[in-house]
Each structure stands twice: as C-alpha cells, then as structure tokens.
Amino acid sequence: MTVCVCVKVNECMVFAADSATSFDGLGEKDGDGVPIQQVYLHGNKLFQLHREFPIMAMTSGLGNFGQASIAMLAKQFRRMIAEGGDLALSGKYTLKEVVAAAHKFFLEEKYSEAFGKIEGFDGGFELWIGGYSAGEMFPELWRLRVFQGKIEEPELRAGTGQVGIYYGGQPDPIQRLINGFGWKLEKILMDNGVTPDSHPDLYKSVAPELYLPLLSPVMPIQDAIDLTEFLADLTKKVFRFRAVPEYVSGDIDVATITAFENFRWIKRKHYYPEHLNREVDHV
314 MTVCVCVKVN ECMVFAADSA TSFDGLGEKD GDGVPIQQVY LHGNKLFQLH REFPIMAMTS
374 GLGNFGQASI AMLAKQFRRM IAEGGDLALS GKYTLKEVVA AAHKFFLEEK YSEAFGKIEG
434 FDGGFELWIG GYSAGEMFPE LWRLRVFQGK IEEPELRAGT GQVGIYYGGQ PDPIQRLING
494 FGWKLEKILM DNGVTPDSHP DLYKSVAPEL YLPLLSPVMP IQDAIDLTEF LADLTKKVFR
554 FRAVPEYVSG DIDVATITAF ENFRWIKRKH YYPEHLNREV DHV
C-alpha cells in the first residue's frame with residue numbers, strides 16, 4: 314500500500330511517494346494463527362532511473378518480488394540501461410523504449426518468476442515512469458501495472474502535450490478533494506436507482522460541477538513541488554486518523570525532472586548519518 318503522486322506541468326514533472334511498505338505472508342500465519350502482515354515505515358518507492366538522462370520512477374502496491382525489494386530491482390534496472398549496461402541507452406533513446414525494457418524486466422521476468430506459479434495470487438503492483446525522450450522539451454508519463462494478478466500492457470497516461478495530476482496506490486483522499494466525491498458514489502447512486510439512463514443530465518454535470526481545479530499548465534516548479542507534496546501528505550494524514558493500519562505513512566520523498574536540470578531530489582530520507590557520509594553522489 315502507498316500513495317504516489319505526479320504533477321505534470323509545462324516546466325517540469327514532480328513525483329512524490331510515502332515510505333510505508335507492507336509485507337504480506339501470502340497466506341501464512343504466525344504461531345497464534347494470525348495472518349502474517351507487517352507495515353514498515355522506511356521503504357524506498359521513488360527512484361532515479363538514469364544518472365545522465367531525465368528519467369525517474371515511483372511505485373505502489375507490492376514492495377517485494379520474492380526476496381528482492383522493488384528498490385533493489387530499480388537499482389539493477391538502472392545499471393542495465395546505464396552506459397556500459399546490457400541495455401545501455403543511446404543519445405537518441407525514447408521513453409517508450411525505456412518503458413518497454415522496464416515492462417520486460419519488472420513484470421515479464423521478475424514478477425512472473427516470483428508469483429507466476431502461486432495459484433490464485435492477485436497482488437497488485439504499479440510502476441510509474443516519467444521522463445523526457447532524447448531532444449524533447451516536454452516529458453511523458455507511463456504506467457506499468459499488475460491488476461488482480463494480471464499483467465497489463467504499458468499505458469501512456471500523459472503525452473508530451475498533456476498536463477495534469479496523476480496518482481496511484483490509495484487514491485480515495487485525493488479523489489475526494491479534486492473530484493468532490495469518492496469512488497463509491499456511482500455504486501450508491503445505481504443501488505438506489507439513479508442510473509445514467511434515468512438521470513443522464515445528473516451524470517453529465519456532477520463531475521464538472523464538483524471538480525476542484527488546482528493545476529495550471531504554467532505553474533512554476535516550486536509550486537508544482539508544493540502541490541505534489543501536499544497531495545501525498547493529505548493522503549498520509551487521512552490514514553493517520555482512520556481506524557485502519559497506516560498503509561500510507563513515513564517520510565515523503567519528492568523529486569523533479571526538467572528538460573534542462575535533469576533529475577533533482579527535493580526531499581529524501583537517508584538510512585545513514587549524513588555527517589559520516591560526505592560524498593554527494595549517493596545511490
């Protein structure tokens with residue numbers, strides 16, 4: 314479980330993700346017969362995917378494929394597409410090529426190896442990849458997804474000409490804020506006989522009438538950063554006060570990419586004392 318948020322405007326793309334990561338025992342139980350599940354608060358879900366080119370990723374859902382965390386696999390993939398790697402990017406790369414390579418590595422290989430033989434396994438997973446193709450002035454946003462145990466084809470969520478707010482993991486708090494209603498509204502209406510056929514005007518008007526515009530295409534970088542972190546923090550605080558496990562919790566990591574400054578960490582947790590680790594190029 315997690316929240317991951319992307320704000321995409323003309324000048325940049327910003328990613329933010331919380332640090333809660335849950336471990337599920339896949340049906341195993343402890344000595345008291347309780348299903349094994351643990352939520353850790355220091356997971357890494359936001360990654361720089363290339364040292365030279367402006368490409369980054371964030372994840373939600375499963376935190377591990379077998380014995381390897383998604384963070385470990387992201388570093389392995391970064392090495393594969395780096396200079397000298399088996400899939401090294403050329404100076405004319407496209408983000409679509411990166412996404413195709415990531416889909417093969419993360420889902421067709423690593424996910425399938427870990428869970429493909431577990432009958433009835435329906436764990437969900439998302440990997441969002443954002444970045445600039447070589448020579449492009451504006452970025453793209455792609456999503457790789459496993460839904461109810463089924464691997465889906467890569468989806469272009471936002472092309473170079475699109476701006477918007479995109480999010481994964483636990484979407485309900487953000488949906489309620491932006492759309493004015495949660496995901497249950499349509500079901501409640503239909504259960505009470507209010508259908509698109511019986512009330513077509515209502516269905517056409519409710520979404521645009523309740524929509525809360527928070528984004529401008531010309532929003533400066535700092536404002537895009539603030540908005541992204543706000544939406545991630547909103548979700549975190551909702552889970553703090555709900556009577557459920559804190560599936561969204563821990564530090565919020567934030568990073569941005571632009572066509573000219575490449576990748577930049579804005580906020581990032583460290584597991585080591587910085588005063589003992591003076592080098593600047595940390596993994």
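In our numbering, the protein residues as written are 314 to 596.
Backbone N, C-alpha and C define an ideal beta-carbon position, used for all residues, glycine too.
Given the structure is predicted, the values throughout are model-derived calculations rather than measurements.
Nearest candidate by alpha-carbon position, reference residue i, set the options
i	options	result
S403	R489, L515 and F366	F366
Q351	R364, S335, E453 and M532	S335
A568	G444, I501, K549 and R553	G444
I487	T548, F576 and S332	T548
Q475	F460, I491, E453 and R489	E453
L354	D536, A330, R364 and R577	A330
R391	H363, G376 and G374	H363
S518	G493, A395, A537 and R456	G493
R555	R456, T473, G429 and D485	D485
L528	F419, E574, L502 and G477	G477
C317	A333, G448, L515 and N323	A333
E449	F576, R581, A572 and Y585	A572
D546	V557, D536, A537 and V561	V561
R470	F451, I442, K497 and S446	I442
W455	E522, Y585, R553 and A414	A414
L490	D435, R577 and A520	A520
F419	D435, L515, N377 and W578	N377
K417	G563, A387 and D435	A387
Y584	G563, E559 and D399	G563
Rounded Cβ spacing between residue i and residue j (contact assumed at less than 8 Å)
i	j	result
K358	T315	6 Å
V411	I368	6 Å
E439	G374	5 Å
I565	E542	6 Å
L525	V320	At roughly 14 Å, the Cβ-Cβ gap does not stay under 8 Å, so L525 and V320 are not in contact.
V459	G437	6 Å
D451	N323	First, the residue type needs correcting, since residue 451 is Phe and not Asp in the sequence shown. Indeed they touch by this definition, with Cβ atoms about 7 Å apart.
A447	K405	5 Å
Simplified DSSP state of residue i, which is helix, strand or coil
i	result
A261	The first residue shown for the chain is 314 and the last is 596, placing residue 261 beyond what the model contains.
D510	coil
T372	strand
V551	helix
I431	coil
M393	helix
F573	coil
K388	helix
V412	helix
K417	helix
R489	helix
Y480	strand
E609	The shown model of the chain, from 314 to 596, leaves out residue 609, and the question about it has no answer.
L589	helix
I383	helix
K580	strand
D566	strand
N357	coil
beta-carbon residue i near the ligand PLP non-hydrogen atom, thresh 6 Å
i	result
G436	Summarising the ligand content, the structure contains no ligands, and the ligand PLP is consequently not present.
*For the region 495-510 against the region 472-481, are there 3 or more C-beta pairs whose distance is under 8 Å?*
In this structure the region 495-510 does not lie against the region 472-481, because fewer than three pairs of beta carbons, one per stretch, are closer than 8 Å.
*Kindly confirm or deny that the region 457-465 and the region 406-425 touch, where touching means at least three C-beta pairs closer than 8 Å.*
Yes: at least three Cβ pairs fall under 8 Å.
*Counting pairs of Cβ atoms below 8 Å between the region 499-508 and the region 527-535, do you hit three or more?*
For the pair of segments examined, the region 499-508 was found not to touch the region 527-535: the number of CB pairs separated by less than 8 Å stays below three.
*Within the region 491-547, note down every full alpha helix (DSSP H) run reaching 4 residues or more, in order along the chain.*
Every unbroken stretch of the alpha helix (DSSP H) spanning 4 or more residues and falling wholly within the region 491-547 is given here in chain order: 498-504 and 513-523.
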